[in-house]
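Under the numbering used here, the residue at position 78 of the sequence shown is numbered 59, and the numbers go up by one with no gaps. C-beta atoms are modelled at their ideal positions from N, C-alpha and C, and glycine is treated no differently. Inspection log for the structure reproduced underneath, given as structure tokens.
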Amino acid sequence: MKFVHLQCQTVFSLLKSACKIDELVVRAKELGYSSLAITDENVMYGVIPFYKACKKHGIHPIIGLTASIFSEEEEKSYPLVLLAENEIGYQNLLKISSSIMTKSKEGIPKKWLAHYAKGLIAISPGKDGEIEQLLLEDKESQAEEVARMYQNMFGSFYMSLQHHAIQDELLLQEKLPAFMNRINIPVVATNDVRYINQSDALVHECLLSVESGTKMTDPDRPRLKTDQYYLKSSDEMEALFSHVEEAIYNTVEIAERCRVEIPFHVNQLPKFPVPSNETNDMYLRRVCEEGLQKRYGTPKEVHIKRLNHELNVISSMGFSDYFLIVWDFMKYAHENHILTGPGRGSAAGSLVSYVLEITDIDPIEYDLLFERFLNPERVTLPDIDIDFPDIRRDEMIRYVKDKYGQLRVAQIVTFGTLAAKAAIRDIARVMGLPPRDIDIFSKLIPSKLGITLKDAYEESQSLREFIQGNLLHERVFEIAKRVEGLPRHTSIHAAGVIMSQEPLTGSVAIQEGHNDVYVTQYPADALEELGLLKMDFLGLRNLTLLENIIKFIVQKTGKEIDIRNLPLQDEKTFQLLGRGDTTGVFQLESGGMRNVLRGLKPNEFEDIVAVNSLYRPGPMEQIPTFIESKHGKRQIEYLHPDLKPILERTYGVIVYQEQIMQIASKLAGFSLGEADLLRRAVSKKNRDILDQERKHFVQGCLQNGYDETSAEKIYDLIVRFANYGFNRSHAVAYSMIGYQLAYLKANYTLEFMTALLSSAIGNEDKIVQYIRETKRKGFHVLPPSLQKSGYNFQIEGNAIRYSLLSIRNIGMATVTALIEEREKKMFEDLFEFCLRMPSKFVTERNLEAFVWSGCFDDFGVSRTNLWKSLKGALEYANLARDLGDAVPKSKYVQGEELSFIEQLNKEKEVLGFYLSSYPTAQYVKLAKELEIPTLAQAMRHKKKVQRAIVYITSVRVIRTKKLQKMAFITFCDQNDEMEAVLFPETYIHFSDKLQEGAIVLVDGMIELRNHKLQWIVNGLYPLEEMDVYEEKKDASVYVKLPSQYEKKLLNQVTKILFDYSGFAKVLIYYEKEHKMVQLSRSLSIHPSEECLGALREIVGEENVVVKI
């Protein structure tokens, strides 16, 4: 091979190249190349995957960068290709990229570049380079000056010759030979590779338009002028530069000089600073022994023995510094009242973690295994993930950054990619499809997580029909498939933080992040392969919730709750769990989980741990067995009596991974390290490994005196549950958070609900749900108040005051200004409010939100009159700001009040729901008079025909398999919400009554379907206005039943009563018994002519009489 490509950009030049790394390397191999370079623009994102792909396919990787070099004289940047000759050069590339991405986005200044030139080969990039631009402008002396500068800066500097069939390149080929000869610069042939095959030129052009926000029809869109920027073969390149053979040969010479070996799995753990007279192992032991005394007072032999074992393993694996680092920042959290989670993952199985107060789960009490966390027989970096309140996570990252240095701590990059729908939308837009067609195209992609366009095309007939026969749609789809999966932008890993002993730029490039914390350019998997320490600092909303509940408890009661030491046998907590009353309770609030809790009736903490572990696809099938066994409805059986101590707490069901390890240790004599390896092996379901481990296990059992049949059966049991078993350490830790929240909800309900509502600010659906539950529990939610409300929901007496931030159109800046002004002096009236508040926050839209939410109710003026006074108040404030006291204060406008429903609807417009009252509230008196139950009352008497006055909030109409229409609706009363269904025969009669926002009398049956109560609707009757009711409330309908048909007729009459629900009471006269009976008011009717006609048809004209 006489030629090597030295200038290739990959997809990690984000939307500027279409070269997927694996495809690029495979194509290079097909073309016979033995070396290949990566030279992405200013970034090193793709270096590790490129390096590994090349090694995999037997290609020598050349690590490079197309760096923007800032010319301070011109205040302009020019690209320069830099290739690493050796490890020093590679590290300098990392530093150059880091400098550009953190300090100098326009490019690295030349004076900085000089510091990083060692170990690098520099190549001019083609026509866009500084020297080439100067030559094209006939500024040869200046071009020579720049060239000599680069010659002096780098040990090796080359001018490149390129041939992409562009006029400027032809001019340069005429100018460059003499120029290079004059100052003795070697030449090298390059092709600026931006896509793999020549046919990909259009794909690349589309990507450039996606990046720039332009369309393919825009004449000024960024694009390459020809289709020659592909991975050409060596023969093609040699033909193009046959007149300059030296340029071809030099590519091979450069490739041979570039020999970078990236070191993987090098321990780069930071060193924790310890006293000079102690080693890190000694210091860790001392801190642990102090922690042991603090945790246990007088530790037992089992604690001392376990601690020594763990410390010996940690020391032998070289991880003492790791534990000290985690101990230190957890100590900071505790000292600064930052709530931390009880543990996460297998780290909760470590006694060292417990005595260092990294976790709050006693691994001995809960029978947790250290080897599930750190296995001496399988050396891997420890992985301790820490939960912090989501609003304080940044504070913790800032602490470690300040302690270990800004260049030694960083967050981790992630890449947002072009998923199926995004690829279609982007390409459709740049190809000029109208917005409506783009929406249709996107919606035809099935909404499945991770679906590809190929799968979507196979699944969706509608999508195929939309594409086929339309050339533009076909072109869009084909190009979208080519760009699908490409990285589109960078983001920051939700949890990961990298820490290093040396400055990170020695092993990874960095870029700008948030709050002065840098972000690595390599993703998490690459960093761990390099040996860098990754820790997960997770922001957990539920810890913020816990923190706020505790603050509210202190505020209301003065009690300091020690959340880490709650009683674990609290009766009220288990009653709450047994009712499934778990809204807001971590891991336990889904509908399915509530049903499990109601069936399980947990009465100990272990029940919560088990149910958290079982409530997953797969293990779920064991839940009925578990519940039956717990309640003694099923005999518990063990394959061998020696399994009982291991499986007894889970009623004979293997629930935890640790149980598999304990079985292997007890029966087969495995060490716990070996048992962990067995657990990992069998979970992979590889047949050869399963057979190999079976022999190992059975042999161990035989040596321990167990018979072969039992050993085989037990091994089969292990294999069956290997994928189902859950990490018990994690289950115990996360169940503790669930228990803590359940305890607080059961014992401090008002404080819990207040904090829960605050946690939902910004999510109106959740706020509606939580307010409804708050009211069900007997607490009032007070409307927002100008004088009393704050940012969040807050406790006021035995009620909850609504949050200012939860009013629509009212932002943080407005609330901050309001509170700051209010702290100086309370607001007297609307006019003073408009005058004192900064004018930018006093808009008509904001004021309307304050009025209709109830915020201005404090002024003692009706909402209607406040609303009508807004324009006058704004005019007054504008004049008074300029003229001061000379402007007389306006007066409130008096006028006719809006109706109850109109005011409620305006409240809903600004809050998203009804707060002060509810549309059905005006019918409470009617409901009581007619003995119509509330939804809550109706739900307690399911399987009986029920009626209720409800407000319809949503309607969804579908078609059955027989293409008949039916509907699912949601309706509410003041305190509860239910789903309901109208089957086709009912839908036909009542479809015209199905309107969102309608208030209706509904009747039907309540049934339990899919673990949820659902109303099966028989009829829907719009409620007339109250004045109509007042007119007819005293009406009575008398129905006489002739004696000979009494029983038969009564059934028919009852059906009519249900069909015409209303307000008039019904009295039945039994002719045979000469007895008059007034029916329940729940069977009152609307005595319309149609209704009376139907009754008369059954019992006779003379037997139906209406009296008012």
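Residues near residue i by beta carbon distance below 8 Å, same chain, minus five either side
i, result
"S1091", "Past the edges of the chain, shown from -18 to 1089, lies residue 1091, and the structure says nothing about it."
"A360", "Per the sequence shown, residue 360 should be read as Val rather than Ala. Once the five neighbours on either side are set aside, the close Cβ partners of V360 are M298."
"A328", "S334, I339, T340, F354, P363, D364, I365, D366 and S710"
"K1056", "Y1050"
Nearest candidate by alpha-carbon position, reference residue i, set the options
i, options, result
"R175", "K206, S79 and M197", "K206"
"K1099", "K37, Q(-10) and K120", "This structure cannot speak to residue 1099, because the chain is shown only from -18 to 1089."
"D375", "H454, R389 and H495", "H495"
"P158", "S137, E226, N178 and I544", "E226"
"F(-16)", "P965, K553 and L212", "L212"
"S787", "L153, C815 and G893", "G893"
"I644", "V700, G743, R379 and R753", "V700"
"F837", "L799, E856, Q392 and K805", "L799"
"N956", "R202, K758 and S1061", "K758"
"Q995", "F300, L847 and E958", "E958"
"G70", "K99, I378 and A48", "K99"
"K1021", "V1047, E483, R202 and V191", "V1047"
"K108", "M807, T755 and A146", "A146"
"Y131", "I102, K120, L153 and E121", "I102"
"L1038", "C1072, E282, Y687 and P484", "C1072"
"K611", "A591, R597, D623 and Y596", "A591"
"T941", "F760, P965, L221 and S141", "P965"
"F881", "P900, A236 and D866", "P900"
"M134", "L94, V168 and A741", "L94"
Contact under 7 Å by Cβ, residue i with residue j
i, j, result
"E587", "R630", "yes"
"A830", "R789", "yes"
"F812", "S766", "no"
"S1017", "G1043", "no"
"R406", "S423", "yes"
"Y619", "K625", "yes"
"E166", "A128", "Reading the sequence as shown, one finds Ile at residue 166 and not Glu. Result yes, Cβ atoms of I166 and A128 sit closer than 7 Å."
"G45", "F(-7)", "no"
"D368", "L549", "no"
"K252", "D302", "yes"
"L332", "E291", "yes"
Own chain residues within Cβ distance below 7 Å of residue i, not counting five before or after
i, result
"S214", "L12"
"A437", "A401, I426, P427 and L444"
"E777", "L763 and K769"
"V998", "A961, V962, L963, T967, V983 and G985"
"N744", "none"
"S441", "L425 and P427"
CB contact check: residue i to chain B, cutoff 7 Å
i, result
"E53", "Considering every chain present, this structure includes no chain B. It has just one protein chain."
Contact set for residue i: own chain, Cβ-Cβ below 6 Å, skip 5 residues either direction
i, result
"K1088", "S1017"
"Q123", "L115"
"V1105", "Outside the modelled stretch of the chain, which goes from -18 to 1089, sits residue 1105, for which no answer is possible."
"R615", "E609"
"P357", "V294 and G654"
"V255", "N261 and Y264"
Any non-hydrogen atom of the ligand FMN within 6 Å of residue i CB
i, result
"I81", "The ligand FMN is absent from the structure shown, which contains no ligands of any kind."
* Segment contact flag, the stretch 493 to 501 with the stretch 396 to 410, C-beta cutoff 8 Å, min 3 pairs -> Taking a cut-off of 8 Å for Cβ pairs, the stretch 493 to 501 and the stretch 396 to 410 do not touch, as fewer than three such pairs fall below it.
* Answer yes if the stretch 447 to 456 comes into contact with the stretch 344 to 354, meaning at least three C-beta pairs across the two stretches below 8 Å, and no otherwise. => Cβ pair count under 8 Å is below three, so no.
* Asked: Counting only runs that start and end within the stretch 613 to 692, where is the beta strand (DSSP E) found for 3 or more residues in a row?
  -> Along the stretch 613 to 692, the beta strand (DSSP E) does not occur as any fully enclosed run of 3 or more residues.
* Of all the beta strand (DSSP E) runs that stay within the bounds of the stretch 166 to 217, which reach a length of 3 or more residues? -> Every beta strand (DSSP E) of 3 residues or more that sits fully in the stretch 166 to 217 is shown, in chain order, as 168 to 170.
* Between the stretch 106 to 122 and the stretch 50 to 66, do three or more beta carbon pairs fall short of 8 Å? -> Yes: at least three Cβ pairs fall under 8 Å.
* Taking three-plus beta-carbon pairs below 8 Å as touching, is the stretch 30 to 44 in contact with the stretch 78 to 96? -> The count of Cβ pairs closer than 8 Å, one atom from the stretch 30 to 44 and one from the stretch 78 to 96, stays below three, leaving the stretches out of contact.
* **At least three beta-carbon pairs within less than 8 Å, the stretch 925 to 940 to the stretch 910 to 917** => These segments touch.
* **Meets three-Cβ-pair contact criterion under 8 Å: the stretch 724 to 736 and the stretch 537 to 552** => Yes: at least three Cβ pairs fall under 8 Å.
* **Inter-stretch contact (C-beta, 8 Å, three-pair minimum) for the stretch 650 to 667 and the stretch 593 to 603** => Output reads no: the stretch 593 to 603 does not touch the stretch 650 to 667.
* To do: Evaluate the contact criterion for the stretch -9 to 4 versus the stretch 176 to 188: three or more CB pairs, one atom per stretch, below 8 Å.
  => Between the stretch -9 to 4 and the stretch 176 to 188, the count of Cβ pairs shorter than 8 Å is three or higher; the stretches touch.
* **Three or more C-beta pairs below 8 Å linking the stretch 316 to 324 and the stretch 269 to 281** => Not touching, per the Cβ criterion.
* Asked: When the Cβ atoms of the stretch 388 to 396 are set against those of the stretch 474 to 494, are three or more pairs found closer than 8 Å?
  -> Flag = yes, the stretch 388 to 396 and the stretch 474 to 494 touch.
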